[in-house]
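Numbering-wise (the UniProt record's numbering), the sequence shown opens with residue 1 and increments by one.
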Amino acid sequence: MHDVVIVGAGPVGLFLAGELGLAGCSVLVLEREPEPGSPWRGEPLGARGLSVASAEAFHRRGMLTSLLLASGIDDYPGADEAAPPRGVGHFAGIVLDPAGVDVAALPFRLPSPASEGMMTRLDAIESVLAERAVKLGVEIRRGVTVDGVEQDEAGVVVHAGAHEYPARWVVGCDGGRSAVRGLAGFEFAGTEPLFTGYVMLASVADPDKLARGFTLTPMGMYLRMPTEGHLGVMDFDGGAFDRSRPPTRDHLQTVLRRVSGTDVTLDDVHLVSTYTDRAKQATTYRRGRVLLAGDAAHIHSPLGGQGLNTGLGDALNLGWKLAATVRGHAPDGLLDTYTAERHPVAAWVLDWTRAQAAAMRPGPHGQALQGLMRDLLATRDVTTYVYGKVSGHSIRYDLGDEHPLVGRTAPEFRLADGTGLGDLTQDGRGVVLDFGADRRLRDAAARWADRMRYAAGTARNDLGVSAVLVRPDGVVAWVGEHEPEREAFERAAARWFGAPES
Ligand SMILES: Cc1cc2nc3c(=O)[nH]c(=O)nc-3n(C[C@H](O)[C@H](O)[C@H](O)COP(=O)(O)OP(=O)(O)OC[C@H]3O[C@@H](n4cnc5c(N)ncnc54)[C@H](O)[C@@H]3O)c2cc1C
Numbered sequence: 001m002h003d004v005v006i007v008g009a010g011p012v013g014l015f016l017a018g019e020l021g022l023a024g025c026s027v028l029v030l031e032r033e034p035e036p037g038s039p040w041r042g043e044p045l046g047a048r049g050l051s052v053a054s055a056e057a058f059h060r061r062g063m064l065t066s067l068l069l070a071s072g073i074d075d076y077p078g079a080d081e082a083a084p085p086r087g088v089g090h091f092a093g094i095v096l097d098p099a100g101v102d103v104a105a106l107p108f109r110l111p112s113p114a115s116e117g118m119m120t121r122l123d124a125i126e127s128v129l130a131e132r133a134v135k136l137g138v139e140i141r142r143g144v145t146v147d148g149v150e151q152d153e154a155g156v157v158v159h160a161g162a163h164e165y166p167a168r169w170v171v172g173c174d175g176g177r178s179a180v181r182g183l184a185g186f187e188f189a190g191t192e193p194l195f196t197g198y199v200m201l202a203s204v205a206d207p208d209k210l211a212r213g214f215t216l217t218p219m220g221m222y223l224r225m226p227t228e229g230h231l232g233v234m235d236f237d238g239g240a241f242d243r244s245r246p247p248t249r250d251h252l253q254t255v256l257r258r259v260s261g262t263d264v265t266l267d268d269v270h271l272v273s274t275y276t277d278r279a280k281q282a283t284t285y286r287r288g289r290v291l292l293a294g295d296a297a298h299i300h301s302p303l304g305g306q307g308l309n310t311g312l313g314d315a316l317n318l319g320w321k322l323a324a325t326v327r328g329h330a331p332d333g334l335l336d337t338y339t340a341e342r343h344p345v346a347a348w349v350l351d352w353t354r355a356q357a358a359a360m361r362p363g364p365h366g367q368a369l370q371g372l373m374r375d376l377l378a379t380r381d382v383t384t385y386v387y388g389k390v391s392g393h394s395i396r397y398d399l400g401d402e403h404p405l406v407g408r409t410a411p412e413f414r415l416a417d418g419t420g421l422g423d424l425t426q427d428g429r430g431v432v433l434d435f436g437a438d439r440r441l442r443d444a445a446a447r448w449a450d451r452m453r454y455a456a457g458t459a460r461n462d463l464g465v466s467a468v469l470v471r472p473d474g475v476v477a478w479v480g481e482h483e484p485e486r487e488a489f490e491r492a493a494a495r496w497f498g499a500p501e502s
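This is the structure in structure tokens:
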């Protein structure tokens, strides 16, 4: 019996597997695909944008350098500057100007090795994560399609054909069409689609009939990506296309011509996939001993590139909470804070994609919204707002504490000796940073030494606080101001880390 069976070795399942392995849990990952590295996960179709928050998650576990290497990125900004962003992305194809971001208005920002988002690929992310998970003792079994999940109070049994895999907990990280979600009876609520999206790699007879980048048209939107023949189309058909069969070349050409308003010709289509803007979310991310993370918990269109980032955030949030539950020291209700904290984040992402679909909708209503958004997005305040949202900078969990740093990802505090927060978080424990000269919290923190690290010293920039308690997912759980109170610290430590050892 494994502590945890994870269904799906996509980026979310693998990130979670590493987190659980780091905390000493026995983990089995079951993956349908017999081999990694399908063409959908490499260049160019597997290209994905990672947010600052996701880059930070890799940094905090010591994987940022490997990810940059695997992604072939050699111009990532250095650690000594709180660099302005180089890209902000788009809203419904309206590209935002990074120079419009008011960096000073972003809350609690310090220079960090993970100062920027990046363009990478699914295969690069998965190779880095799989290597780490295996090193930490995780077993990944491929060519296994899960088709049954049964649970009782003592455990869960996962079925795949004639095989059974017993576990104490199961996490469905099996993507947007999640089998686990259906088998375990999760309610999946949301809205039906306005459009069908197509992604393809094609030979185009006359590519220059299509503009480069995102083009909004009166009929929807199309994209011409830098790799020749890599195209996207969004066709406002109300999601009517039957996605159970692959679209033919003729169908794709008809749709592309209609949406682009050109007579472009597709000679051949090598690879094609479809999606919709159906926006749905599991109403809870936990039913008994079965949990969901990533696309299994929330689906929406790729507009704004947030699915993977949201899923990685789920994995980071869930990993340490599930590990503490498995190991028996989780305080009451800890596991349920996973849904409480992560559901609102995905709910916003769903709305963000819905708003974009509404603005792209053919006809005067969509055009009116587009015009309004174009004006707003040209302002500094709105550009900064959007950057705060899509980069992850403005995510804040409601932990019931008024201090504005509590509930946010901790900035990269750095001690005078050069030690940064990211150097202290790699073993997956919580961290107490004590900036006071009298080491006031040392003895208190020692009571949870198996679950948190204590580091003291003068901070290069303490942002006006004297101590912080950082959870294993990098989120600030408590802040000490002026002279940190030992009792307040101990209350926060017990709330998130359970009863102390001594
Ligand atoms: C065109 C496009 C562009 C995108 N761009 C971005 C972007 O720029 N930024 C961003 O953040 N997101 C983006 N996304 C979304 C992102 O790709 C997904 O959100 C992300 O891949 C979800 O990861 P996951 O691990 O949850 O699921 P998946 O990547 O879908 O992985 C699920 C895994 O589970 C396996 N599996 C499925 N069923 C079973 C089963 N029954 N048994 C065993 N294994 C199973 C699958 O084989 C797969 O390996 C984009 C999506 C698309 C379509």
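For glycine and all other residues, C-beta sits at the position ideal for the given N, C-alpha and C.
Run the proximity test for residue i: is its beta-carbon closer than 6 Å to any non-hydrogen atom belonging to ligand 1?
i: Asn317; result: no
i: Glu33; result: yes
i: Arg342; result: no
i: Tyr285; result: no
i: Thr265; result: no
i: Leu309; result: Per the sequence shown, the amino acid found at residue 309 is Asn instead of Leu. Indeed, a heavy atom of ligand 1 lies less than 6 Å from the Cβ.
i: Thr254; result: no
i: Thr145; result: yes
i: Pro226; result: no
i: Gln306; result: yes
i: Arg48; result: yes
i: Asp174; result: yes
i: Asp123; result: no
i: Gly294; result: yes
i: residue 513; result: It is not possible to answer for residue 513, since the shown part of the chain is limited to 1 through 502.
i: Tyr222; result: no
i: Val7; result: yes
i: Gly10; result: yes
Just the C-alpha distance for residue i and residue j, rounded to the nearest angstrom, thanks.
i: Gly422; j: Tyr454; result: 14 Å
i: Gly137; j: Asp3; result: 13 Å
i: Asp260; j: Val27; result: Looking at the sequence itself, residue 260 is Ser, so the reference to Asp does not match. So the two alpha carbons sit approximately 48 Å from each other.
i: Glu187; j: Ser178; result: 12 Å
i: Gly190; j: Leu350; result: 9 Å
i: Gly24; j: Arg495; result: 22 Å
i: Asp250; j: Thr265; result: 10 Å
i: His403; j: Gly464; result: 12 Å
i: residue 505; j: Ala358; result: The structure shown does not extend to residue 505, since the chain is modelled only from 1 to 502, so the question has no answer here.
i: Trp40; j: Leu256; result: 21 Å
i: Val431; j: Gly420; result: 11 Å
i: Met452; j: Ala445; result: 7 Å
i: Tyr198; j: Glu483; result: 58 Å
i: Val103; j: Thr384; result: 8 Å
i: Val269; j: Ser203; result: 6 Å
i: Leu64; j: Pro364; result: 45 Å
i: Ser244; j: Gly313; result: 31 Å
i: Asp263; j: Ala378; result: 33 Å
i: Gly498; j: Pro472; result: 13 Å
i: Gln426; j: Ala57; result: 10 Å
i: residue 503; j: Leu372; result: In this structure the chain extends from 1 to 502, so residue 503 is not present and cannot be described.
Counting only C-beta atoms, is residue i closer than 7 Å to chain D at any point?
i: Phe188; result: No chain D appears in this structure, which consists of one protein chain only.
Skipping 5 residues on each side, what residues in its chain have a beta carbon closer than 7 Å to that of residue i?
i: Arg447; result: Pro500, Glu501, Ser502
i: Gly176; result: Asp295, Ile299
i: Ala160; result: Leu30, Val144, Thr145, Val146, Asp147
i: Thr353; result: Asp277, Ala279, His300, Ser301, Leu303, Gly304
Within its chain, find whatever has a CB closer than 6 Å to the CB of residue i; leave out the 5 residues flanking it on each side and keep chain order.
i: Gly185; result: none
i: Ser38; result: none
i: Glu31; result: Ala9, Arg142
i: Phe241; result: Thr196
i: Tyr397; result: Glu341, Gly407
i: Glu139; result: Leu28
Quick test of your reading: residue i and residue j, contact by CB under 8 Å. State the CB separation rounded to the nearest angstrom.
i: Leu415; j: Cys173; result: At roughly 36 Å, the Cβ-Cβ gap does not stay under 8 Å, so Leu415 and Cys173 are not in contact.
i: Val52; j: Ala133; result: About 24 Å; that fails the 8 Å criterion.
i: Met360; j: Leu216; result: 6 Å
i: Ala205; j: Asp267; result: 5 Å
i: Gly428; j: Trp320; result: 6 Å
i: Arg342; j: Val170; result: Going by Cβ atoms, the distance from Arg342 to Val170 rounds to 18 Å, so no, they are not a contact pair.
i: Pro107; j: Tyr387; result: Contact doesn't hold; Cβ gap of about 12 Å is too wide.
i: Leu14; j: Glu126; result: 6 Å
i: Val468; j: Ala410; result: 6 Å
So, for residue i: in the same chain, excluding its five sequence neighbours on each side, which residues have a beta-carbon less than 8 Å away from its beta-carbon?
i: Val406; result: Leu399, Val476, Ala477, Trp478, Val479
i: Pro44; result: Leu201, Met225, Pro226, Thr227, His230
Just to check, is the beta-carbon of residue i closer than 6 Å to a non-hydrogen atom of ligand 2?
i: Val199; result: With respect to ligand 2, the structure offers nothing, as its ligand set consists of ligand 1.
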